[in-house]
Structure formats: C-alpha cells, structure tokens
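I have placed the structure first, in the form of structure tokens, so that the comments after it can refer back to it.
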Amino acid sequence: MLRGRRKQDGSATSVAVIGLGRFGGSLASELARSGTEVLGVDADEDTVQGLNGVLTHVVRADSTRQAALDQLGVADFDRVVVGIGSDIQASILTCSLLKRMGVRSIWAKAISEQHGLILEQLGIDHVIYPEADMGRRVAHLVRGSMLDYVEFDEDLVVAKTVAPREIVGKSLEESAVRRKHGITIVKIKGADGRWHSAGATSVVAEGDTLIVIGPVERTERFAALL
Numbered sequence: 001m002l003r004g005r006r007k008q009d010g011s012a013t014s015v016a017v018i019g020l021g022r023f024g025g026s027l028a029s030e031l032a033r034s035g036t037e038v039l040g041v042d043a044d045e046d047t048v049q050g051l052n053g054v055l056t057h058v059v060r061a062d063s064t065r066q067a068a069l070d071q072l073g074v075a076d077f078d079r080v081v082v083g084i085g086s087d088i089q090a091s092i093l094t095c096s097l098l099k100r101m102g103v104r105s106i107w108a109k110a111i112s113e114q115h116g117l118i119l120e121q122l123g124i125d126h127v128i129y130p131e132a133d134m135g136r137r138v139a140h141l142v143r144g145s146m147l148d149y150v151e152f153d154e155d156l157v158v159a160k161t162v163a164p165r166e167i168v169g170k171s172l173e174e175s176a177v178r179r180k181h182g183i184t185i186v187k188i189k190g191a192d193g194r195w196h197s198a199g200a201t202s203v204v205a206e207g208d209t210l211i212v213i214g215p216v217e218r219t220e221r222f223a224a225l226l
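If you read the sequence shown in full-length UniProt numbering, its first letter stands for residue 1, the second for the next number, and so on.
In structure tokens:
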C-alpha cells in the first residue's frame with residue numbers, strides 16, 4: 001500500500017493522478033519534476049511502462065474498483081486528479097468511489113459541459129475543462145498581439161505584451177495607463193532580462209515586456225497598441 005504525506009500548510013506534497021493520457025500524463029510528469037510525490041494509475045500497460053522511472057510510483061490498475069484504490073492507498077494522498085477523458089463512465093464511477101472513500105480534495109477532467117455537470121453534482125471540488133480552456137486562451141493570442149494570456153475569471157485576465165510606443169520613456173504615473181486604458185501594469189521586464197515590480201515611478205523603455213491585468217476587452221485593446 002502506498003502512503004501520501006500531508007503538509008500542514010495546505011500545499012500538496014503527494015498527488016495521485018488517475019488516467020495518464022495526454023492530460024494526466026503531462027500533469028503527473030510536471031508534478032514529479034517539481035518534486036511532488038506522484039502516484040500514477042492507468043488501465044493501459046503500455047502507458048504505465050512509458051512513465052516508469054518518471055513518476056514516483058506508477059501502477060496498472062482499474063480505478064473503477066474500490067478494492068484497487070484501497071490497496072493503492074489513494075485516499076492518503078493530499079490530492080487526487082482524475083484525468084480520465086475518453087471513458088466518461090469510468091471517470092464518473094472513479095470520482096464516485098473517491099467521494100465515497102472520503103478523499104478530501106478531488107480534481108477531475110471533463111470533456112463536455114454535461115460531463116462536468118455530473119461531476120459537479122457528485123460534489124467534485126474542482127472540475128477542469130483543459131481543451132475548452134486552452135481553446136479560449138489560444139483564440140485570444142491568435143486574435144490579438146499578446147505574448148501570453150491567462151484568464152482568472154469571466155472578465156479578469158493577466159497578459160504579457162510588449163510596451164506600446166505611447167508610454168515609452170514615461171513613468172507609469174505620467175502615462176496614466178490605469179486611467180486611460182483601465183488596466184494595471186504589475187511587472188516590467190527590461191534590457192537586463194529580469195522582471196521588476198511596477199510602481200508609479202517606474203519608467204518604461206522601448207522593447208520592455210509588460211505583465212498587465214484587467215478586463216478582457218481593455219487588456220486586448222492595450223496589447224494591440226503600437
């Protein structure tokens with residue numbers, strides 16, 4: 001039986017990832033690279049073998065059987081991620097078993113709104129829509145001039161963009177970016193290649209990269225400035 005270790009500060013040192021396809025496998029590998037103890041579980045032997053030596057533990061098992069989850073000690077991990085997408089029935093049954101076992105923090109991938117609704121009705125803590133989220137993110141990048149884009153709420157985004165000409169050579173107080181454009185510049189990356197916190201006296205130079213936060217439309221319009 002595998003045992004996860006719990007931290008007292010609320011962060012996770014151990015995560016079980018069930019379903020090691022493109023999403024689950026990538027997630028589990030990144031967690032392992034960051035030093036997290038990772039148990040990977042998948043029903044496919046080739047998938048399991050491919051991650052052997054990458055994850056802390058990787059096991060071939062049927063996650064729709066409670067006996068298998070009990071034997072692996074899944075409930076002892078800080079968090080459990082269900083990355084099963086192609087088999088909705090297996091995803092729902094696995095999540096239902098995890099809830100019944102008293103797993104405290106469950107994250108689950110949904111491949112459709114209907115799938116996500118069922119997971120929410122089961123009481124899953126975090127329902128993830130990776131394909132839909134990535135599609136929205138890429139759409140904003142393709143449509144605009146932003147270098148990167150992260151959506152935090154329906155109308156709140158953080159974006160990376162190149163400093164527009166109208167604010168070059170001015171301090172943020174002089175350029176009045178917040179008043180004129182309704183966005184806030186929080187970080188500036190200058191010629192030294194390092195990120196610096198932005199304040200009222202920060203002066204923007206040509207070619208600087210900015211991290212800005214604000215509503216979607218206003219952020220896109222600011223990033224589109226030349």
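Think of the CB as a built atom: it goes at the ideal place given N, C-alpha and C, for glycine as much as any other residue.
Please report how far the alpha carbon of residue i lies from the alpha carbon of residue j, in whole angstroms.
i, j, result
"Ile-211", "Leu-147", "10 Å"
"Ile-88", "Gly-116", "10 Å"
"Val-48", "Ile-167", "53 Å"
"Lys-180", "Val-157", "18 Å"
"Ser-29", "Gly-169", "43 Å"
"Ile-124", "Lys-109", "10 Å"
"Leu-69", "Asp-62", "8 Å"
"Ile-18", "Gly-135", "24 Å"
"Ala-139", "Ala-67", "43 Å"
"Leu-33", "Gly-53", "The question names Leu, yet the displayed sequence has Arg at residue 33. For Arg-33 and Gly-53, the distance between alpha carbons rounds to 12 Å."
"Gly-35", "Val-59", "19 Å"
"His-57", "Leu-119", "26 Å"
"Ala-198", "Arg-165", "17 Å"
"Gly-190", "Ser-175", "17 Å"
"Ala-75", "Ile-213", "38 Å"
"Leu-51", "Arg-104", "26 Å"
"Ala-159", "Arg-221", "12 Å"
"Asp-46", "His-126", "29 Å"
"Gln-114", "Asp-208", "44 Å"
"Arg-3", "Ala-132", "In this predicted model, Arg-3 has a pLDDT of only 48, less than 50, meaning its place in the structure is not dependable; the value taken from the coordinates is given anyway. Each residue's alpha carbon lies about 34 Å from the other."
"Asp-192", "Leu-172", "19 Å"
"Asp-44", "Phe-77", "22 Å"
"Ile-178", "Val-142", "Strictly speaking, residue 178 in this sequence is Arg, with Ile absent from that position. When rounded, the distance between both Cα atoms is 25 Å."
Please classify residue i: does DSSP put it in a helix, a strand, or coil?
i, result
"Val-216", "helix"
"Ile-183", "coil"
"Ala-159", "strand"
"Asp-153", "strand"
"Ile-188", "strand"
"Arg-6", "Residue confidence is low: Arg-6 scores 46 on pLDDT, short of 50, so the model does not pin down where it sits. Its coordinate-derived value is still stated next. If DSSP states are grouped into helix, strand and coil, Arg-6 belongs with the strands."
"Ser-202", "coil"
"Ser-145", "coil"
"Ala-223", "helix"
"Ala-139", "helix"
Would you say residue i and residue j are within 7 Å of each other, going by their C-beta atoms?
i, j, result
"Leu-122", "Cys-95", "yes"
"His-196", "Ile-188", "yes"
"Tyr-129", "Arg-137", "no"
"Gly-83", "Phe-23", "yes"
"Ala-163", "Val-216", "no"
"Ile-92", "Leu-98", "no"
"Leu-31", "Val-38", "yes"
"Arg-79", "Val-15", "yes"
"Lys-112", "Ala-223", "Note that residue 112 is Ser in the sequence shown, not Lys. No, the Cβ-Cβ distance between Ser-112 and Ala-223 is not below 7 Å."
Tell me the DSSP bridge mates of residue i?
i, result
"Leu-210", "Thr-161 and Ile-188"
"Ser-197", "Lys-187"
"Ser-171", "Val-203"
Quick check: does the Cβ of residue i come within less than 6 Å of any heavy atom belonging to the ligand COA?
i, result
"Ser-112", "Of ligands this structure carries none, so the ligand COA is not represented either."
Go through the UniProt domain "RCK N-terminal" (12-128) residue by residue and report every complete run of the beta strand (DSSP E) that reaches 3 residues or more, in order. The qualifying runs are 14-18, 37-42, 57-60, 79-82, 106-109 and 126-128.
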